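K.L.:
Residue numbering for the sequence shown follows my numbering, starting at 11 and increasing by one per position.
Right, I'll just put the structure down here and ask away after.
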Amino acid sequence: MRISASEWKRKAVHAGMGLFALTLRWLTWEEAALCALAALFFNVVALPRVGRAIYREGVLKHDAGIVAYPAMVLLLVLLFRGKYLPIAAAVWAMMAFGDPAASILGRLIGGPRLPWNRDKTWIGLASNWAFAGAGSVLVFRFVAARRLEPEAAAILIAGAAVFALLESVRSGIDDNLVPALPAALFLTWVGAPASGLVDRPALWIALAVNAAVAVAAYRARSVSASGAVAGALIGTGILAGGGWGAYAVLWSFFLIGTLASRFGYRKKERLGTAQAKHGRRGAEHVVANCSLAAAIALLAGFRAEWGIAFAACFAAALADTLGTEFGSLYGKRAFSPLGGEALPVGTPGAVSWAGLLAALAGAALIAGAARAAGLLPSAAVWIVAAGGFVGAIAESLAADLGRRFGFRLDHEFANAMNTFVGACAALELWLTFEHGALFVPVAG
């Protein structure tokens, strides 16, 4: 595929800006944040007048990617400051070098397309991982100004894999906004000493249990073939890493969500809001709603706060499911969560009072199930319910913003996003109350 001259210039500038990550070796986080803020201001105000040569065709005023890039760098510097600044530098390198490599080599070489995103190729994904991984290792080593242990290099390369995979997902929004923060949190999380490990016997038992469950669910027509395979893998991770209590929460989500999807199905079909295939879940549904919870179960070691994050993932997922299913059935008046104006039922981002109550009930049900399963202290039940509700509302807000500004979130990406927001919101609430002040995740 031919690459235009403007696109070559754009990618060269994108990669060249990554070299400024090296300055984090000497800059304080305040100085780095000020520089990122100045770059953001320049890209918003000045670049549309002097740098149109790197804008993509069809962009009238502002280019979302050119604005999102410095905005994400600024966010990374603010969150990962002090002794964590090398992590911000490493992820900045992933953004700078992984994305151009994926775009250029994916277009020039071509090859088989990704099954989850037909606009991108396996070559592009592999190129993203290779350049993001190499760049993050080199930049981290330089900014940290100390010898890099093999384990640290392996974690950085694994983080680059997370980055490349997330960037390959069809999201509906600019790629600079999707993979950077989760990759940075992954690096911080996995690098912590308390990361969990799964022993081999538990893994084999979990695999056997979930293989049997997947066959039964497929025969009961609750999941498709792809959903059965994905569900078996996700369920294995949750059972092996989190134990039977975490597995019970997974099943609470699946059973209540499936029943809600089938409830009033004919009416929802007439309204055009019914789940496809009579509510049978496919691999895309399983991965979107459950993959973050599975990662927490496998990696977190299930300290109290990570049990809260795990439960909040499913609280957000069920809140979204029940809000959509019952809101479409009983929500007579839908409205915008941002402006409050009336909208047709089924409009992306629209909410109704019936849907909001159902969403809150779904979050509370998962919080109760997690408490009964022993994953939560009593004081955290309302926090998980609140986090789950916030996650579901975040998806509606994002969809409403998309309706107003001309972008549309991919459905599966939006589902994954609400579990991420729900987990972060619940963690923030719990740790803020525990510390008696606003909790900053990685304060220097």
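All C-beta atoms, glycine included, are put in the ideal place defined by N, C-alpha and C.
The structure presented is a predicted model; accordingly, all values stated were derived computationally and were not measured.
Between the stretch 48 to 58 and the stretch 69 to 88, do three or more beta carbon pairs fall short of 8 Å?
P.N.:
Contact holds: three or more Cβ-Cβ distances are below 8 Å.
K.L.:
Using only the alpha-carbon positions, how far apart do I393 and G92 sit?
P.N.:
As a working note, residue 393 is residue 383 in the sequence shown. As a working note, residue 92 is residue 82 in the sequence shown. For I393 and G92, the distance between alpha carbons rounds to 29 Å.
K.L.:
What is the DSSP secondary structure of T38, reduced to helix, strand or coil?
P.N.:
Position 28 of the sequence shown, counted from the first residue, corresponds to residue 38. If DSSP states are grouped into helix, strand and coil, T38 belongs with coil.
K.L.:
How many Å lie between K130 and L118 at the Cα?
P.N.:
Within the sequence shown, the letter at position 120 stands for residue 130. Within the sequence shown, the letter at position 108 stands for residue 118. Distance between the alpha carbons of K130 and L118 is about 12 Å.
K.L.:
Contact defined as beta carbons within less than 8 Å: I believe A436 pairs with A305. What is the distance between those atoms, to the nearest angstrom?
P.N.:
As a first step, residue 436 must be located in the sequence shown, where it is residue number 426. As a first step, residue 305 must be located in the sequence shown, where it is residue number 295. Contact doesn't hold; Cβ gap of about 16 Å is too wide.
K.L.:
Report the partner residues of N127 according to the DSSP bridge assignment.
P.N.:
Counting from 1 along the sequence shown, the entry for residue 127 is found at position 117. According to DSSP, N127 bridges with L124.
K.L.:
If we call anything under 9 Å between Cβ atoms a contact, is V297 one with I248?
P.N.:
The sequence position of residue 297 within the sequence shown is 287, counting from 1. The sequence position of residue 248 within the sequence shown is 238, counting from 1. No, the pair does not count as a contact, with Cβ atoms beyond the cut-off.
K.L.:
According to DSSP, is V431 helix, strand or coil?
P.N.:
Within the sequence shown, the letter at position 421 stands for residue 431. Helix.
K.L.:
What does K194 pair with, by DSSP beta-bridge criteria?
P.N.:
For the purposes of this step, residue 194 is taken as residue 184 along the sequence shown, with counting starting at 1. The sequence shown places Ala at residue 194, not Lys. According to DSSP, A194 bridges with nothing at all.
K.L.:
Pick out whichever of E315, R413 and R128 has its Cα sitting closest to the Cα of L348.
P.N.:
Locating residue 348 in the sequence shown gives position 338, where the first residue counts as 1. Answer by Cα proximity: R413.
K.L.:
At what residues does the alpha helix (DSSP H) containing S16 begin and finish?
P.N.:
Working through the sequence shown from its first residue, we reach residue 16 at position 6. Counting along the chain, the alpha helix (DSSP H) containing S16 begins and ends at A15 to M27.
K.L.:
Using the C-alpha atoms, what's the distance from F324 back to A171?
P.N.:
Against the sequence shown, residue 171 aligns to sequence position 161. Against the sequence shown, residue 324 aligns to sequence position 314. Taking the straight line from one Cα to the other gives about 25 Å.
K.L.:
Near A42, what residues of its chain come up, given a Cβ to Cβ distance below 6 Å and the 5 sequence neighbours on each side ignored?
P.N.:
The residue given as residue 42 occupies position 32 in the sequence shown. Only L34 and V87 meet the Cβ criterion.
K.L.:
Among L328, V361 and A226, which has the Cα closest to the Cα of Y340?
P.N.:
Looking up residue 340 in the sequence shown gives position 330. Checking every option, the nearest Cα to that of Y340 belongs to V361.
K.L.:
On the three-state DSSP scale, how would you describe S205?
P.N.:
Position 195 of the sequence shown holds residue 205. Below a pLDDT of 50, predicted positions are generally treated as unreliable, and S205, at 45, falls in that range; no measurement from the model is reported.
K.L.:
Mapping the DSSP letters down to three states, classify F345 as helix, strand or coil.
P.N.:
Taking the first residue of the sequence shown as position 1, residue 345 is located at position 335. DSSP places F345 in strand when its eight states are reduced to three.
K.L.:
Are T429 and A327 close, meaning C-beta to C-beta below 9 Å?
P.N.:
For the purposes of this step, residue 429 is identified with residue 419 of the sequence shown, where counting begins at 1. For the purposes of this step, residue 327 is identified with residue 317 of the sequence shown, where counting begins at 1. Contact: yes.
K.L.:
Tell me whether R343 is buried or exposed, calling it buried when 16 or more other Cβ atoms sit within 10 Å of its Cβ.
P.N.:
Here the question's residue 343 lines up with position 333 in the sequence shown. The residue in question, R343, is exposed, as its Cβ has fewer than 16 Cβ neighbours within 10 Å.
K.L.:
Starting from the N-terminal side, write out each stretch of the beta strand (DSSP E) that is 3 residues or longer and does not extend beyond the stretch 109 to 174.
P.N.:
Segments of the beta strand (DSSP E) lying fully in the stretch 109 to 174: 127 to 131.
K.L.:
Got a sec? Which residues, its chain only, sit under 6 Å from L135 by beta carbon, not counting five neighbours each side?
P.N.:
In the sequence shown, the residue the question calls residue 135 occupies position 125. Excluding positions up to five away in sequence, the list reads A174 and S178.
K.L.:
Please classify A204: is it buried, with 16 or more other beta-carbons within 10 angstroms of its beta-carbon, or exposed?
P.N.:
Residue mapping note: residue 204 aligns to position 194 of the sequence shown, counting from 1. In this predicted model, A204 has a pLDDT of only 47, less than 50, meaning its place in the structure is not dependable; the value taken from the coordinates is given anyway. So A204 counts as exposed.
K.L.:
Out of R59, L148 and A112, state which residue places its alpha-carbon closest to the alpha-carbon of H24.
P.N.:
On the sequence shown, residue 24 is found 14 positions in, with the first residue counted as 1. That would be A112, whose Cα lies nearest to the Cα of H24.
K.L.:
Bridge partners of L353, per DSSP?
P.N.:
Residue numbering aside, residue 353 sits at position 343 when the sequence shown is read from its first letter. A344, per the DSSP bridge assignment.
K.L.:
Where does the unbroken alpha helix (DSSP H) through F263 begin, and where does it stop?
P.N.:
Along the sequence shown, one-based indexing puts residue 263 at 253. First-last of the alpha helix (DSSP H) with F263: A235 to R272.
K.L.:
Given I318, which residues of its chain have a CB within under 7 Å of its CB, disregarding the five upstream and five downstream residues?
P.N.:
Mapped onto the sequence shown, residue 318 falls at position 308. L386, A390, I393, V394, A436, L437 and W440, listed in sequence order.
K.L.:
Among G378, S146, R156 and A364, whose alpha-carbon lies nearest the alpha-carbon of A31?
P.N.:
Along the sequence shown, one-based indexing puts residue 31 at 21. Minimum Cα distance to A31 is reached at S146.
K.L.:
How close, in whole Å, do the beta carbons of N425 and N299 come, if the pair is a contact with beta carbons under 8 Å?
P.N.:
Working through the sequence shown from its first residue, we reach residue 425 at position 415. Working through the sequence shown from its first residue, we reach residue 299 at position 289. Indeed, because the Cβ distance is near 5 Å, the residues count as touching under 8 Å.
K.L.:
Could you check which residue in Y94, P122, G116 and R128 has the C-alpha nearest to that of W139?
P.N.:
Within the sequence shown, residue 139 is the residue found at index 129, counting from 1. Comparing Cα-Cα distances from W139 to each of Y94, P122, G116 and R128, the minimum goes to G116.
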